[in-house]
Amino acid sequence: MKQGFIKTAAGTPKIKVADCIYNADQAIALIREMEQQKAKLMVLPELCITGYTCGDLFWQDLLLDSAKEQLLRIVCETSDVDALIFIGLPIEADGKLYNVAAAFSGGKILGMVPKRHIPSYREFYEGRHFAGGPETARWLEINGEQIPFGTNQLFRCSSVPGFSVAAEICEDLWAPNPPSVSHALAGATVIVNLSASDEETGKDEYRSGLVMSQAARLICGYLYATAGEGESTTDLVFGAHNLISENGKLLAEAERFKNETVYADIDIQRLLAERRKMTTYPAQNGQGYYVSDFSLTVEETTLNRYFDPRPFVPGRKEDRDKRCDEILNIQTMGLKKRLEHTNCKNAVIGISGGLDSTLALLVTARAFDMLGKDRKEITAVTMPCFGTTDRTYQNACELTRCLGAELREIDIREAVTLHLRDIGHDIDVHDVTYENAQARERTQVLMNVANQAGGMVIGTGDLSELALGWATYNGDHMSMYGVNASVPKTLVRHLVQYSADTCQDEKLSGILLDVLDTPVSPELLPPKDGMISQKTEDLVGPYELHDFYLYYMLRVGFSPAKIYRIAQKAFRDLYDAETIKKWLITFYRRFFSQQFKRSCLPDGPKIGSVAVSPRGDWRMPSDACVRIWMDEIEQL
C-alpha cells in the first residue's frame, strides 16, 4: 500500500444453489485465501451467497432470511481481515427485492449497493424477481444497524489517500450509461463489479474488452468478479471469467471454467496523476454521494505486477513491427510537410555510421520517395575527425551509397586543430572543449552546406539524449528539423532493425545490422588500436535504464523512490540495486541541469506519449532546482 500500490483480488467460490450456509463457508474460505495473499480489496460475485440461478426460489422468505443471516456470519467471522470486501446477495426493502453488493470491513457492514439496470431479455429474466435500485442512498435496517442503501456510494480509505471504491453489478456495465461513470466523476479510483455473466462463444473477448475500455475511459482500476462452477446449468454455464484492469491495461485474467482467483496490484498514485493531467477530466467532489470511511493498515505491498523494463518497446514482434511502421510514417510525414512548406530542394544530414544518423537518413529517404524527389538531392556528409573509426566511416559511406543519396566527405581535423590553436587550447588535452569543438564544427559545416544547396539540416539526436542533455549545445543539439527528437534510444534500435528486416535489399540490410552491432559512441576521442574508445553507456549509463526512468518520471510522474523500487523489480536479472541507484542519480542530475538545451529545441514530430518539446509536452524552467528529488534518492 505504500507508494499507492493496492493489492486486489477477484475470486469465485464454488457454490451450491440455494445453500446459503455452504456458500458462506466457501466465501469465508476464499476470503481467508485472499488474506494470505495480502489482498486489501476483495470482490466476490453477484448473488453468490444464494447463487444467481435460484429462479423463483428468490420469492421464498426462508432463502432471503438465510442469505441475510449468512452475510452477518461472513462479516463477523472475517472481522479480523484487514481488507474491504464485497459480496452479492438478495435483500428485501420497501416491499421489493433488490440484487445488492454488500460492502464490509473490520466486522462492520459499510453499505448496500443495489443493481441499477435489471436485464429481462434473451436468457435473462431478473425483472421477474428484482427491482432496479435507487441512486440516492437512504437507510436500511439490518440486524438493528442503519446501513446506507443506494447506488451512489463511495467507500473511502482514510489511511491511503486517493483510494476510493464504488460498486456496480453485472448488467450495469453493459448499459449505455453505467453507474461507474458517475462513480468515477464522484471520486472513485477503483470500481468493483459483482457479476454473473454466462458464457457464450466469443463472449469472453467482448467482456474483457468492455472492462478494459471502461477502466481506460474512467482512468480507474476495475475489478470484475463473476459466477462460475456451482451455479445451475439448467440452461446456462458460467465460466468465472474474473478480470482486473487498470486504465485500460489488463493486469489479471482468470482461466475460464476454473473458479480461479486473480490478484493484481493497482497503482492509485498513477491513476490520480493521470486524472490530474487530463484537463477534460472534471473535478471530483462526490456531490450526491454517501461516503463511508474505512481504514486499512498501511504496509508495503509485495508487488506481483509486471513492470516492462522497456516501456517504449512492445514485447510481441507483431506489435513491435506495427509500432515501428507507424513511427516511421509519423517521422516521414512530419519531414515531408516541412520540406513541402519550405520548398527546400535539398536535405543535409551528418552521417556518422551510428544509430541515430542512420535512422534520420532512412526517414529522409522515405520522405523524398513520398515527394517523388530524387534521392540524389539528399546530401549525406561524413566528417572524419580525431575519434572516427574505420568501421563507422565505412558504414556511413556504404549506407549513403546504398540509399542513393549524395555522399560528401569533409575532413574537419585541420579546421578543428586550427580552431583549438586560435582559442589557445592544447590539442593534447582531451577535455570537453576538445570534444565540443568537433561537434560544433560539424554543425557549422552542415548548416553552410545546406545554405549552398538551398536545403535544410535534418537533426539526428534522439529523445534519450535530449533528456540527459547528451548533446553539444549549438552543436548536434541544433538542426532545422529534428526527426528523431521524440524517439527514445531503446526504440531507435528497433526502428533500424525493422528497416533491416523489411527493406528487401540484402546489402542494405547487412549494413544496418552492422550499425546495430556497433557500440553507441560520439567518437570524439581518439580510438585505441583502431577501436572505439569512448562508449556512451560507460559514461552516462545504460540507455535501457535511462529510458525506464524517463518514462516513469515524465509519463506517470513517479517519485525517485517509486521508480527505484519498480526498477529493481523490472531489472532484477540485469542490474543490482546499487547500479540502479547510481544511474538514477545521474539521470535526475542531468535531467534538471540540461533543461536549457531542451528549452530551445528545433521543431520535430511527436511520436509517442513522452516528449520534451518546450512547445508541447514538457514545459520546465531551465533553472529548476533538483534538491528534493536528490534528497529522496539519498534516503533510499
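Numbers 1 to 636, taken from UniProt numbering, label the letters of the sequence shown in order.
The C-beta atom is built at its ideal place from N, Cα and C for all residues, glycine as well.
Treat the numbers as computed from the prediction; the structure is a model and nothing was measured.
- Going by beta carbons, Leu359 and Ser499 fall inside the 9 Å limit.
- Excluding five sequence positions before and after Pro311, the CB atoms of its chain that fall closer than 7 Å to its own CB belong to Phe548, Tyr551, given in chain order.
- In the DSSP assignment, Asn99 is bridged to Pro90.
- Note on geometry: alpha-carbon atoms of Ile6 and Gln269 lie some 10 Å from one another.
- Secondary structure note for Cys397: it is in no beta strand (DSSP E), and the uninterrupted alpha helix (DSSP H) holding it is 390-403.
- Just measuring C-alpha positions, the residue of Leu512, Glu255, Leu185, Lys345 sitting nearest Gln284 is Leu185.
- Arg615 carries a coil assignment under DSSP once its states are collapsed to helix, strand and coil.
- Around the beta carbon of Gly530, fewer than 16 other beta carbons sit within 10 angstroms, so the residue counts as exposed.
- Only exposed fits Ile423, as fewer than 16 other CB atoms lie within 10 angstroms of its CB.
- Cys48 and Leu72 have their C-alpha atoms some 14 Å from each other.
- Across the structure, Ile330 and Arg116 are spaced so that their CA atoms are roughly 45 Å apart.
- Per DSSP, Glu274 is one residue of the alpha helix (DSSP H) stretching across 268-277.
- Closest in alpha carbon position to Arg589, among His494, Arg572, Phe238, Gly469, is Gly469.
- Taking C-alpha positions only, Gly315 is separated from Lys322 by approximately 12 Å.
- Pairing Gly187 with Ser164 gives a Cβ-Cβ distance under 9 Å.
- Taking C-alpha positions only, Pro522 is separated from Leu495 by approximately 20 Å.
- Taken through DSSP and simplified to helix, strand or coil, Ala360 comes out as helix.
- Between Tyr281 and the set Ile351, Lys528, Thr189, Asp235, the nearest pair of CA atoms involves Thr189.
- The beta-carbon distance between Ile85 and Ile31, rounded to whole angstroms, is 6 Å. This is short enough to meet the 8 Å contact definition.
- Pairwise C-beta distances place the segment 380-388 in contact with the segment 349-366, as three or more of them are shorter than 8 Å.
- Beyond the five residues adjoining it in sequence on each side, Ala273 comes within less than 7 Å, by CB distance, of Val556, Gly557 in the same chain, given in chain order.
- A contact between stretches requires three or more CB pairs, one per stretch, nearer than 8 Å, and the segment 20-31 fails this requirement with the segment 197-206.
- Each residue's CA atom was taken as its position, placing Asp19 and Gly55 some 14 Å apart.
- The beta carbon of Leu446 sits closer than 7 Å to those of Val348, Gly350, Val381, Val457, all from its chain and outside the five residues before and after it, given in chain order.
- Burial check for Trp139: the Cβ neighbour count within 10 Å stays below 16, so the residue is exposed.
- For Pro560, the closest alpha carbon among the candidates Thr502, Glu253, Pro621, Leu584 is that of Leu584.
- Nearest in C-alpha terms to Ala10, of all of Leu362, Ala102, Ile244, Val211, is Ile244.
- Counting of Cβ neighbours within 10 angstroms places Phe149 among the buried residues, the total reaching 16 or more.
- Its Cα nearest to that of Gly455, the residue His341 stands out among His341, Val43, Leu545, Leu491.
- Distances from the alpha-carbon of Phe592 to those of Ser66, Lys336, Ser197, Ala467 put Ala467 closest.
- Contact check for Leu97 against Thr50 fails: the beta carbons are separated by 9 Å or more.
- Our two residues, Asp267 and Leu303, have alpha carbons roughly 10 Å apart in a direct line.
- Taking 9 Å as the cut-off, the beta carbon of Phe130 is found closer than this to the beta carbon of Ile118.
- For Leu525, no beta strand (DSSP E) segment is defined, and its DSSP state is neither H nor E.
- Residue range 138-142 is occupied by the beta strand (DSSP E) that includes Trp139.
- Under the 10 Å beta carbon count, Lys249 is surrounded by fewer than 16 other beta carbons and is classified as exposed.
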